[in-house]
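Have a look at this one:
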């Protein structure tokens with residue numbers, strides 16, 4: 001099958017899985033939005049610039065690389081001592097395992113904690129996934145409007161922010177412009193004379 005999923009316990013705060021099929025060179029982002037399971041094919045890959053700078057990370061002599069990927073500048077350190085063309089999340093494409101990577105603003109960072117061989121790893125198939133491209137997924141999110149069957153609770157504040165508590169536990173906030181809000185506030189159903 002050739003497909004590998006990062007093994008280990010999933011963080012409860014993460015709402016996605018990444019699978020990588022090394023034989024097909026595919027990266028797939030699996031996520032759930034409202035009640036729909038998505039299988040998003042990732043076509044964009046990091047374009048790396050490799051530097052001569054070296055850094056010791058744990059027990060590994062690592063080399064520096066940088067990329068601008070998915071709207072962020074990333075700095076990675078990879079080791080040729082582990083000749084695996086992979087890394088955390090969707091990162092790959094360097095001549096060795098990425099053992100440390102972080103965004104320029106340090107809002108995101110990954111570091112290798114442990115490397116071990118996993119015997120008989122199995123991928124849990126997610127049923128009823130909708131396969132789409134990343135562009136299609138972004139368009140879906142942009143145009144999404146909750147349906148009654150998706151919503152568990154709704155609240156609207158005086159500034160025009162609607163909060164929808166979805167049945168799956170996600171909260172969606174939608175801002176209504178002040179002009180639109182005033183239009184409805186100033187257009188009562190019953191006009192007093």
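In our numbering, the protein residues as written are 1 to 193.
Note that beta-carbon positions come from the ideal geometry of N, C-alpha and C, so glycine has one too.
Keep in mind the model is a prediction, meaning the values are calculated, not measured.
Residue j beta carbon less than 9 Å from that of residue i
{"i": "residue 129", "j": "residue 38", "result": "yes"}
{"i": "residue 47", "j": "residue 67", "result": "yes"}
{"i": "residue 127", "j": "residue 29", "result": "no"}
{"i": "residue 16", "j": "residue 34", "result": "no"}
{"i": "residue 92", "j": "residue 24", "result": "no"}
Counted within 10 angstroms of its Cβ, other Cβ atoms place residue i as buried (16 or more) or exposed
{"i": "residue 65", "result": "buried"}
{"i": "residue 88", "result": "buried"}
{"i": "residue 163", "result": "exposed"}
{"i": "residue 107", "result": "exposed"}
Straight-line gap, residue i to residue j (C-alpha atoms, nearest Å)
{"i": "residue 161", "j": "residue 43", "result": "35 Å"}
{"i": "residue 95", "j": "residue 80", "result": "6 Å"}
{"i": "residue 110", "j": "residue 27", "result": "18 Å"}
{"i": "residue 22", "j": "residue 45", "result": "14 Å"}
{"i": "residue 173", "j": "residue 137", "result": "18 Å"}
{"i": "residue 56", "j": "residue 63", "result": "9 Å"}
{"i": "residue 53", "j": "residue 71", "result": "24 Å"}
{"i": "residue 50", "j": "residue 40", "result": "29 Å"}
{"i": "residue 215", "j": "residue 143", "result": "Absent from the structure is residue 215, since the part of the chain shown begins at 1 and ends at 193."}
{"i": "residue 132", "j": "residue 36", "result": "12 Å"}
{"i": "residue 69", "j": "residue 156", "result": "36 Å"}
{"i": "residue 116", "j": "residue 104", "result": "29 Å"}
{"i": "residue 120", "j": "residue 112", "result": "22 Å"}
{"i": "residue 10", "j": "residue 114", "result": "Because the pLDDT of residue 10 is 44, which lies under 50, any placement of that residue in the model is unreliable, and the number read from its coordinates should be weighed accordingly. In a straight line, the C-alpha of residue 10 is about 16 Å away from that of residue 114."}
Residue i CB to nearest heavy atom of the ligand COA below 8 Å
{"i": "residue 163", "result": "Within the structure as shown, the ligand COA is missing, as the structure has no ligands at all."}
Span of the beta strand (DSSP E), counted from its first residue to its last, around residue i
{"i": "residue 64", "result": "60-69"}
{"i": "residue 110", "result": "109-111"}
{"i": "residue 92", "result": "Run containing residue 92: none; DSSP gives neither H nor E here."}
{"i": "residue 72", "result": "72-79"}
{"i": "residue 84", "result": "Run containing residue 84: none; DSSP gives neither H nor E here."}
{"i": "residue 20", "result": "16-21"}
{"i": "residue 53", "result": "49-57"}
{"i": "residue 105", "result": "Premise fails: residue 105 is in no beta strand (DSSP E) and is neither H nor E."}
{"i": "residue 44", "result": "Segment: none, residue 44 is in no beta strand (DSSP E) and carries neither H nor E."}
Span of the alpha helix (DSSP H), counted from its first residue to its last, around residue i
{"i": "residue 139", "result": "134-143"}
CB contact below 9 Å: residue i versus chain B
{"i": "residue 104", "result": "Checking the listed chains, one finds no chain B in this structure; it contains a single protein chain."}
Check your understanding: Given 8 Å as the limit, is there contact between the stretch 98-112 and the stretch 73-88, that is, 3 or more CB pairs closer than that?
Key -> yes
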